[in-house]
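Residue numbers (this note's numbering): 1484 to 1654. Note that CB positions come from ideal geometry on N, CA and C, so glycine has one too.
What follows is the structure, given as structure tokens:
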């Protein structure tokens, strides 16, 4: 089977959110877990809670675009592990609802989106690959980096296993 838009977006978003869920679970078990929620790599960067919010938001936008639906921005007011896990679960639930056939057929459909040149019509597959998946990977990566900086024992295995399970059925 050919690698499709669904594979490149929904399956990869599931992997990214699985990675995010796993590293947050490890963070939650640390003695300084509450302080980690507001931890940052550098002072002018958004905290861990925002990284989780924006990663989940990016995945939800993928689900909405591939389902031909409008997307409403959720509240960014998440400040507990329970709220972060809930946002991830919400995004995963939205991704489960995406129909593979519809997702693969909708890629060339034009949608209005904001670009550096203003609002323009852009193909769905471009919006997903350039805006949403890039943001999803970035914010999951920043979550990982913040936690590593703070001494949380997460590693490559926690990062890669969820992606592998999406394609190879590995646990």
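Is DSSP giving residue i helix, strand or coil here?
i            : result
residue 1486 : coil
residue 1601 : strand
residue 1606 : strand
residue 1556 : coil
residue 1595 : strand
residue 1653 : Model confidence at residue 1653 stands at a pLDDT of 48, short of 50, so the residue's coordinates are unreliable; what they give is reported in the following sentence. Residue 1653: coil per DSSP, three-state reduction.
residue 1530 : coil
residue 1578 : helix
residue 1522 : coil
residue 1535 : helix
residue 1635 : coil
residue 1694 : Because the chain in this structure spans residues 1484 to 1654, residue 1694 falls outside the shown range and cannot be described.
residue 1551 : coil
Between the options, which lies nearest to residue i when the distance is taken from Cα to Cα?
i            : options                : result
residue 1647 : 1574, 1500, 1608       : 1500
residue 1590 : 1512, 1608, 1553       : 1608
residue 1541 : 1630, 1635, 1623       : 1623
residue 1548 : 1529, 1528, 1582, 1570 : 1582
residue 1556 : 1536, 1564, 1603       : 1536
residue 1526 : 1629, 1643, 1493, 1635 : 1629
residue 1517 : 1561, 1486, 1543       : 1561
residue 1488 : 1617, 1587, 1613       : 1587
Rounded to whole angstroms, what is the Cα-Cα separation between residue i and residue j?
i            : j            : result
residue 1639 : residue 1597 : 34 Å
residue 1545 : residue 1578 : 8 Å
residue 1566 : residue 1572 : 10 Å
residue 1514 : residue 1633 : 11 Å
residue 1490 : residue 1563 : 31 Å
residue 1654 : residue 1496 : Confidence at residue 1654 is low in this model, with a pLDDT of 48, below 50, so the placement of that residue is unreliable and no value is reported for it.
residue 1492 : residue 1611 : 7 Å
residue 1529 : residue 1603 : 28 Å
residue 1533 : residue 1570 : 11 Å
residue 1559 : residue 1584 : 32 Å
With a cut-off of 8 Å on the beta carbons, I'd call residue i and residue j a contact; round off their distance for me.
i            : j            : result
residue 1506 : residue 1637 : 5 Å
residue 1531 : residue 1522 : 5 Å
residue 1595 : residue 1524 : Incorrect: roughly 34 Å between the Cβ atoms, too far for contact.
residue 1485 : residue 1635 : Between residue 1635 and residue 1485 the Cβ distance is about 38 Å, and since that is not below 8 Å, they are no contact.
residue 1574 : residue 1543 : 5 Å
residue 1645 : residue 1498 : 5 Å
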